[in-house]
Amino acid sequence: MVNSATKIQKCHDEQSLQEKLRYYLIFGRVIGILPIQGVFHRGSKLTFKKFSLASFTTLIITLLIGAYAIINLIASFSKKQTNALEIAWAVLPPALYTLGTFNCIIFWIHGSKFCNLFATWNNLSRLHFPVEDTTLSRDVGIWAIVIFTSAISETISWPLIRDNRLRFPDRFSNLGHFTSDTEYYYAIRLELCGRSDRDICSGAVRTIQRIEGSLRIRDERYFGEDTAFWEFLVDDHGRIYQVMQSFKEFLSPIIFATCAANMFWICLVVLFILVPFLQAKDIFKFYAIWNFLHVVVRFFTMSLLAAKVSSDAHKFADILKQCPIEMYTPKTGLLCIMISRVDIRSDLAHRRSEALDIVTVNPVTDNQTCHDKPSLQEKLRYYLIFGRIIGILPIQGVFHRGSKLTFKKCSLASCITLIIALLIGTYAIFNLIQSFSKKQTNAFEIAWAALLPALYTLGTFNCMIFWINGSRFYNLFSTWKNLSRLHFPVEDTTLSRDVGIWAVIIFTSAISESTSWPFLRHDVNFIW
145 MVNSATKIQK
155 CHDEQSLQEK
165 LRYYLIFGRV
175 IGILPIQGVF
185 HRGSKLTFKK
195 FSLASFTTLI
205 ITLLIGAYAI
215 INLIASFSKK
225 QTNALEIAWA
235 VLPPALYTLG
245 TFNCIIFWIH
255 GSKFCNLFAT
265 WNNLSRLHFP
275 VEDTTLSRDV
285 GIWAIVIFTS
295 AISETISWPL
305 IRDNRLRFPD
315 RFSNLGHFTS
325 DTEYYYAIRL
335 ELCGRSDRDI
345 CSGAVRTIQR
355 IEGSLRIRDE
365 RYFGEDTAFW
375 EFLVDDHGRI
385 YQVMQSFKEF
395 LSPIIFATCA
405 ANMFWICLVV
415 LFILVPFLQA
425 KDIFKFYAIW
435 NFLHVVVRFF
445 TMSLLAAKVS
455 SDAHKFADIL
465 KQCPIEMYTP
475 KTGLLCIMIS
485 RVDIRSDLAH
495 RRSEALDIVT
505 VNPVTDNQTC
515 HDKPSLQEKL
525 RYYLIFGRII
535 GILPIQGVFH
545 RGSKLTFKKC
555 SLASCITLII
565 ALLIGTYAIF
575 NLIQSFSKKQ
585 TNAFEIAWAA
595 LLPALYTLGT
605 FNCMIFWING
615 SRFYNLFSTW
625 KNLSRLHFPV
635 EDTTLSRDVG
645 IWAVIIFTSA
655 ISESTSWPFL
665 RHDVNFIW
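Throughout the sequence shown, residue numbering follows my numbering, covering 145 to 672 in sequence.
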């Protein structure tokens with residue numbers, strides 16, 4: 145029989161994160177934006193030193209990009225901008241350089257944390273249910289080649305494609321292209337780190353689901369004993385959770401910055417697509433679409449794929465909940481919450497006994513009293529009544545205090561909501577047809593023509609969501625009653641106040657804004 149530890153170590157070597165990302169790390173080291181040593185030699189340990197050649201190179205690039213960000217920011221304020229296009233064009237270089245500076249600083253300051261990610265990854269070699277990610281190397285190559293080829297081609301071709309009649313400042317264009325490509329490098333790295341985390345977690349879940357059947361383990365390779373299986377499962381969950389926490393700690397500021405940057409880029413690219421000068425050249429339209437696809441890829445790469453890391457982690461908890469009560473041990477019963485100090489355990493046990501003595505005085509009465517106080521339906525009663533009066537809430541039972549909320553698709557409330565949804569949807573289609581029937585000549589007309597269809601579509605969507613999922617909505621209030629069985633109840637004393645403040649302020653502002661618009665607007669030849 146082959147030693148199981150050898151198999152696990154072999155599987156770990158095959159799925160080593162450093163080995164999978166080796167060429168990508170080398171590329172980042174060559175262009176000078178990765179302050180890490182040890183990427184060129186296979187199998188060597190990654191290290192970070194602030195006084196190394198790699199760190200100095202990254203620091204110089206960071207200072208250079210930061211200096212250009214300040215220069216462009218001063219230049220943007222020194223000249224008065226007269227329209228939205230000039231403002232957007234003036235904001236673009238400072239925003240681009242600032243984002244590049246931020247990313248370089250993050251990796252330079254937290255270089256040791258980045259190296260620790262690969263060291264923490266070694267803990268996966270001790271998994272009892274190892275899973276190999278066979279497609280990571282392939283995906284690394286595809287993402288890197290496709291995105292970088294397109295990104296570099298896009299930045300190089302801009303001076304050849306752009307219309308010289310625009311007369312927009314093109315200061316430090318080469319550094320701007322380098323900063324843009326730097327952002328793509330960090331974007332791909334972020335996605336790959338998130339992808340690696342998610343693959344290990346989801347793969348482990350699938351493996352465990354295959355070998356765990358009828359609460360009996362039938363494969364001797366997985367230790368044969370039911371109790372041992374659940375203990376090893378808890379241990380694996382703890383190791384994977386530790387790795388995910390390390391990735392989360394390092395990637396959180398980068399995800400926050402890149403999400404904000406993606407929203408900025410989407411607004412900026414849409415504005416550039418809508419400006420009139422795009423009609424001068426057809427090739428520029430193609431370039432604008434090409435640039436917009438880059439933004440979509442960046443958003444998908446960094447926001448969607450990296451954000452799915454935790455979805456499979458929750459499946460682990462669902463599997464742990466299936467552990468039979470007879471298989472509970474001090475290790476499995478705690479569900480990965482490890483308490484190693486005896487004094488802490490004894491203190492918690494003492495406090496728990498005191499709490500139980502208090503609760504057992506009159507548990508039914510106390511729980512019911514607590515339930516009556518934080519009743520969600522009672523706190524939101526006037527807000528629900530307002531929604532019922534204006535006809536967008538298809539729920540019955542909101543007018544009578546203490547009555548149960550119900551939902552029926554054939555009731556008067558549902559019919560009113562459905563009629564309102566169909567009416568708003570009709571106006572959305574009508575305005576959409578009217579928008580296409582008239583040729584728009586500039587960005588302002590396009591935005592104004594798209595405003596009403598978007599507004600009515602959103603209103604229709606919200607009404608249909610409440611009409612289709614009305615039963616789920618009132619089930620929220622039924623589920624809230626489960627809080628009456630809490631042994632340690634907590635009362636939310638500010639919910640009613642906050643609901644009233646938010647409702648009054650927001651609705652007063654919204655109704656005042658929509659009512660005053662016909663009196664404030666001038667002679668604009670658009671239908672409202």
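We treat Cβ as the ideally placed atom computed from N, Cα and C, and that holds for glycine.
Since the structure is predicted, the reported quantities are computational estimates derived from the model, not experimental observations.
Rounded C-alpha distance that separates residue i from residue j
| i | j | result |
| --- | --- | --- |
| K523 | L639 | 7 Å |
| V538 | D642 | One detail in the question is off: residue 538 reads as Pro in this sequence, not Val. Each residue's Cα considered, the two are about 24 Å apart. |
| Y527 | R629 | 26 Å |
| A647 | L549 | 21 Å |
| L261 | S390 | 6 Å |
| C248 | H254 | 10 Å |
| A593 | L567 | 19 Å |
| F373 | L161 | 27 Å |
| A565 | L627 | 34 Å |
| R166 | A219 | 41 Å |
| R532 | G541 | 10 Å |
| M579 | L599 | Residue identity check: residue 579 is Ser in the sequence provided, not Met. So the alpha carbons of these two residues sit roughly 13 Å apart. |
| G382 | K465 | 15 Å |
| K194 | V413 | 38 Å |
| G569 | Y212 | 49 Å |
| H272 | S256 | 28 Å |
| A239 | F408 | 9 Å |
| Y168 | F436 | 25 Å |
| S658 | I410 | 27 Å |
| I209 | S199 | 15 Å |
| I612 | I650 | 26 Å |
| F192 | W434 | 37 Å |
| I534 | I214 | 52 Å |
| E589 | K552 | 43 Å |
| T561 | S660 | 26 Å |
| L197 | C259 | 16 Å |
| S297 | L207 | 26 Å |
| L243 | L236 | 11 Å |
| F605 | I563 | 13 Å |
Residue i classed as buried or exposed, judged by whether at least 16 other C-beta atoms fall within 10 angstroms
| i | result |
| --- | --- |
| F394 | buried |
| V378 | buried |
| C607 | buried |
| V174 | exposed |
| Q353 | For Q353, the pLDDT reaches just 43, beneath the cut-off of 50, and the residue's location in the model is therefore unreliable, although a value from the coordinates is still provided. By the neighbour-count rule (16 or more Cβ atoms within 10 Å), Q353 is not buried but exposed. |
| A654 | exposed |
| T637 | exposed |
| E375 | buried |
| M388 | buried |
| L556 | exposed |
| V440 | exposed |
| S581 | exposed |
| F632 | exposed |
| G644 | exposed |
| N266 | exposed |
| F184 | exposed |
| K164 | buried |
| G187 | exposed |
| C554 | exposed |
| I467 | In the sequence as displayed, the identity of residue 467 is Cys instead of Ile. With 16 or more Cβ atoms within 10 Å of its Cβ, C467 is classed as buried. |
| Q521 | buried |
| I250 | buried |
| I536 | buried |
| N406 | buried |
| L596 | buried |
| T245 | buried |
| T610 | Correcting the residue type first, residue 610 is Phe in the shown sequence and not Thr. Counting Cβ neighbours within 10 Å, F610 comes out buried, since at least 16 surround it. |
| T623 | exposed |
For residue i, the residue or residues it bridges with in DSSP
| i | result |
| --- | --- |
| T191 | Q181 |
| T402 | Beta-bridge pairing links T402 to no other residue. |
| T550 | Q540 |
Query raised in the report: At a cut of 8 Å, does the stretch 198 to 208 reach the stretch 174 to 183 through at least three beta carbon pairs?
Result: yes
Query - Meets three-Cβ-pair contact criterion under 8 Å: the stretch 389 to 404 and the stretch 231 to 241 - result: no
Query raised in the report: At a cut of 8 Å, does the stretch 538 to 551 reach the stretch 568 to 580 through at least three beta carbon pairs?
Result: no
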